[in-house]
Amino acid sequence: MAILEVNNVSIRYITGDFKDIGLKEFVMRKLTGNYHVTEFWADKDVTFSLERGEMLGIIGSNGAGKSTLLKAVSGIMVPTEGTIRRQGSIAALLELASGFDGELTVKENAYLRGAMLGYTRRFMDEKYDEIIAFAELKDFEERPFKQLSSGMKSRLAFSIACLVKPDILILDEVLSVGDGAFRKKSESKMHEVINSGATTILVSHSLEQVRQLCGKVLWLHKGRQVDYGTDVAGICDRYQQFLDGTLSIERAGE
Amino acid sequence: MFKTLKTHQFLFEELVKRDFKKKYKRTVLGMAWSVLSPLLSLLVMRLVFTQFFGRSTPHYTTFLFCGNLVFAFFSESTNQGMSSLMDNAHIFTKVNVPKYLFLLAKNAQCLINFGLTLTVFLLFCVLDHITFTWRFFLLLYPITCQVLLNLGIGLILSALFVFFRDMQYLWSVFTQLLMYASAIFYSVDNFRPEIQRIFLANPVYLIIKYFRVITIDGAVLSWHYHLLMAAEALIVLALGCWMYKKYNHQFLYYV
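Keeping their order, the protein sequence lines are chains L and P.
When we follow my numbering, the leftmost residue of the first sequence carries the number 7, and every step to the right adds one.
When we follow my numbering, the leftmost residue of the second sequence carries the number -19, and every step to the right adds one.
What follows is the structure in structure tokens.
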């Protein structure tokens, strides 16, 4: 029984006039027949499934629909067509460093983030010191968050996020953060989480990482599923050729 | 719904805390301001309108305060509720949380504020020689109705605000009009009975009148009146819930 099943999922975005016009303008345009929206499919007919403990790498250039797909898998978005079936808890670590509140202190932000990730208060009380120690922010606990450097922010974000123990883990380019020593430390911590048996989906621009870690690969291009399978080396090779310009998308899909 | 609330209790508490801290962190007067501002508008109204309406209305200060108390709660709660969804867009686009949680947190904070002003209101009742009776406990009824009403309007407005960014402006105009239509500084007794009946369609007026009847007249309104109040609040709340259910998954495209 697959722990995650994604069947023919398509996701449609609507863009166009509506975003910045107000109610008055909307009514006027509706009346004059001057109201236009355009649709575009961020993902079209994507199908894959994962067994417990498997790791899937998603590759593709910018605008391939990777992030949208992850949002659908984590339940933030609902697919326009197709179905997603999942079992067990899910943790999506997307764009970690953003979404903190600049006015609050480091400690307050840590608790808020923990709450967002679904931790309990008791868990945060227990782990808080560990988080701060791991992030190396002992002297900054009561500082307003906006005074931190961007490196410190992502360190804190990572230190809170890496405590998750989900059945399905979704990683959007957050295998490691920071520089030098912290990069090493965070990478080995993340491997610990992955190796604890979570089913993992990894979006990465580093083909090296995908080759090394993943047992399955999904290649997306402009929302379409170019290739998918367990032949990690083969698919990565062809993706590399496509990036180098020696292989066209049409031929890669065959 | 209660089950999801239970699982998200920690997040809810943290959101209330955050809203609270952000509101009072940088102001010198802090929480005192939330009590001072309705007192100031009360003072101005007392000075200005006593000439016109005060002579014919007994306990005019309490009369005014009832209106101000209820309306300030309504106005603050709905205005802040409106932006609650947009302000937290950075959260619900990354984490799968129930979106009404942000509105609930904002409303919880406004309710605390209301509690403070209510305490001052009761102090003023003492100064205005109002006799306290057991009937004061009945005030919990209009307060409950108002919380439901505020939540309902907050749901509707915050959903609309995602789609139409000029809602903030339109709502402030509407609030202004509603303020004049809620008999805050005048009594409806001077109108013909048909006209008086129209006021009953305004849920804010219903709540204000309830406060006045309990505090100034020391009487209890009919059960029809209780029913009407609950019905109006629940209809608005139902409409709000329906909008959230319907548009829950579309908010994402608009932020």
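Here a beta-carbon is modelled for each residue, glycine too, at the ideal position from N, C-alpha and C.
None of these values were measured; they are calculated from a predicted model.
Quick check: what's the CA-CA separation for residue i versus residue j?
{"i": "Thr124 of chain P", "j": "Gln153 of chain L", "result": "42 Å"}
{"i": "Gly32 of chain P", "j": "Ser167 of chain P", "result": "Checking the sequence, you will find Phe at residue 32 of chain P rather than Gly. Their Cα atoms are separated by approximately 11 Å."}
{"i": "Phe0 of chain P", "j": "Thr99 of chain P", "result": "19 Å"}
{"i": "Tyr275 of chain P", "j": "Ile20 of chain L", "result": "There is no way to answer for residue 275 of chain P, as the model of chain P reaches only from -19 to 235."}
{"i": "Leu137 of chain P", "j": "Lys144 of chain L", "result": "42 Å"}
{"i": "Gly69 of chain L", "j": "Lys228 of chain L", "result": "6 Å"}
{"i": "Gln230 of chain P", "j": "Leu81 of chain P", "result": "17 Å"}
{"i": "Leu128 of chain P", "j": "Ala12 of chain P", "result": "26 Å"}
{"i": "Val77 of chain P", "j": "Leu76 of chain L", "result": "16 Å"}
{"i": "Trp151 of chain P", "j": "Phe54 of chain P", "result": "12 Å"}
{"i": "Ala85 of chain P", "j": "Leu253 of chain L", "result": "53 Å"}
{"i": "Lys273 of chain P", "j": "Ser14 of chain P", "result": "Chain P is shown only over -19 to 235; residue 273 of chain P falls outside these bounds and no answer can be derived."}
{"i": "Asp51 of chain L", "j": "Arg257 of chain L", "result": "19 Å"}
{"i": "Ala199 of chain P", "j": "Gly34 of chain P", "result": "21 Å"}
{"i": "Gly150 of chain L", "j": "Gly186 of chain L", "result": "Note that residue 150 of chain L is Pro in the sequence shown, not Gly. In a straight line, the C-alpha of Pro150 of chain L is about 26 Å away from that of Gly186 of chain L."}
{"i": "Phe143 of chain P", "j": "Ile110 of chain P", "result": "47 Å"}
{"i": "Glu109 of chain L", "j": "Tyr4 of chain P", "result": "11 Å"}
{"i": "Arg145 of chain P", "j": "Thr155 of chain P", "result": "17 Å"}
{"i": "Lys2 of chain P", "j": "Ser95 of chain L", "result": "32 Å"}
{"i": "Gly220 of chain P", "j": "Phe51 of chain P", "result": "20 Å"}
{"i": "Asn170 of chain P", "j": "His(-12) of chain P", "result": "50 Å"}
{"i": "Ile196 of chain P", "j": "Lys226 of chain P", "result": "44 Å"}
{"i": "Asn68 of chain P", "j": "Arg119 of chain L", "result": "13 Å"}
{"i": "Leu288 of chain L", "j": "Asn93 of chain P", "result": "Absent from the model: residue 288 of chain L. The displayed extent of chain L is 7 to 260, so no value can be given."}
{"i": "Val153 of chain P", "j": "Asp108 of chain P", "result": "33 Å"}
{"i": "Asp107 of chain L", "j": "Asn115 of chain L", "result": "7 Å"}
{"i": "Lys191 of chain L", "j": "His197 of chain L", "result": "10 Å"}
{"i": "Phe256 of chain P", "j": "Tyr190 of chain P", "result": "Outside the modelled stretch of chain P, which goes from -19 to 235, sits residue 256 of chain P, for which no answer is possible."}
{"i": "Ile133 of chain P", "j": "Asp243 of chain L", "result": "56 Å"}
Would you verify that the beta carbon of residue i is, or is not, closer than 9 Å to some beta carbon of chain P?
{"i": "Thr206 of chain L", "result": "no"}
{"i": "Lys195 of chain L", "result": "no"}
{"i": "Val84 of chain L", "result": "yes"}
{"i": "Arg127 of chain L", "result": "yes"}
{"i": "Ala121 of chain L", "result": "yes"}
{"i": "Ala98 of chain L", "result": "yes"}
{"i": "Glu148 of chain L", "result": "no"}
{"i": "Ile20 of chain L", "result": "yes"}
{"i": "Ser160 of chain L", "result": "no"}
{"i": "Phe164 of chain L", "result": "no"}
{"i": "Glu132 of chain L", "result": "no"}
{"i": "Ile27 of chain L", "result": "yes"}
{"i": "Gly177 of chain L", "result": "Residue 177 of chain L is actually Leu in this sequence, not Gly. Leu177 of chain L does not count as touching chain P."}
Could you check whether the Cβ of residue i sits closer than 9 Å to any Cβ belonging to chain L?
{"i": "His206 of chain P", "result": "no"}
{"i": "Val239 of chain P", "result": "Since the displayed chain P opens at -19 and closes at 235, residue 239 of chain P lies outside it and no answer follows."}
{"i": "Tyr149 of chain P", "result": "yes"}
{"i": "Thr(-16) of chain P", "result": "no"}
{"i": "Ile71 of chain P", "result": "yes"}
{"i": "Thr58 of chain P", "result": "no"}
{"i": "Lys86 of chain P", "result": "no"}
{"i": "Leu9 of chain P", "result": "no"}
{"i": "Leu232 of chain P", "result": "yes"}
{"i": "Lys1 of chain P", "result": "yes"}
{"i": "Lys74 of chain P", "result": "yes"}
Give the C-beta separation of residue i and residue j to the nearest angstrom, bearing in mind that I take them to be a contact with Cβ-Cβ under 8 Å.
{"i": "Arg26 of chain P", "j": "Leu44 of chain P", "result": "6 Å"}
{"i": "Val170 of chain L", "j": "Leu123 of chain L", "result": "6 Å"}
{"i": "Leu135 of chain P", "j": "Leu91 of chain P", "result": "So it is not a contact: roughly 16 Å between Cβ atoms."}
{"i": "Met223 of chain P", "j": "Ala139 of chain P", "result": "5 Å"}
{"i": "Phe104 of chain P", "j": "Thr37 of chain P", "result": "16 Å between Cβ atoms; not a contact."}
{"i": "Gly63 of chain L", "j": "Leu208 of chain L", "result": "5 Å"}
{"i": "Thr205 of chain L", "j": "Glu60 of chain L", "result": "6 Å"}
{"i": "Thr86 of chain L", "j": "Ile17 of chain L", "result": "5 Å"}
{"i": "Phe179 of chain P", "j": "Ala121 of chain L", "result": "Going by Cβ atoms, the distance from Phe179 of chain P to Ala121 of chain L rounds to 44 Å, so no, they are not a contact pair."}
{"i": "Gly71 of chain L", "j": "Ala48 of chain L", "result": "5 Å"}
Buried or exposed for residue i, going by 16 or more other Cβ atoms inside 10 Å?
{"i": "Leu131 of chain P", "result": "buried"}
{"i": "Tyr149 of chain P", "result": "exposed"}
{"i": "Pro122 of chain P", "result": "buried"}
{"i": "Met34 of chain L", "result": "exposed"}
{"i": "Asp135 of chain L", "result": "exposed"}
{"i": "Ala141 of chain L", "result": "buried"}
{"i": "Lys30 of chain L", "result": "exposed"}
{"i": "Trp203 of chain P", "result": "exposed"}
{"i": "Thr58 of chain P", "result": "buried"}
{"i": "Pro173 of chain P", "result": "exposed"}
{"i": "Ser210 of chain L", "result": "buried"}
{"i": "Arg128 of chain L", "result": "exposed"}
{"i": "Gly61 of chain P", "result": "buried"}
With 9 Å set as the bound, which would you pick, yes or no: does the beta-carbon of residue i sit closer than that to a beta-carbon of chain A?
{"i": "Tyr121 of chain P", "result": "Checking the listed chains, one finds no chain A in this structure; the protein chains it contains are L and P."}
**OP:** Give a yes or no on contact between the stretch 181 to 188 of chain P and the stretch 151 to 168 of chain P, applying the rule of three or more CB pairs nearer than 8 Å.
**Re:** yes
**OP:** Would you check if the stretch 202 to 217 of chain L and the stretch 234 to 253 of chain L touch, i.e. whether three or more CB-CB distances between them fall below 8 Å?
**Re:** yes
**OP:** Evaluate the contact criterion for the stretch 155 to 170 of chain L versus the stretch 87 to 94 of chain L: three or more CB pairs, one atom per stretch, below 8 Å.
**Re:** no
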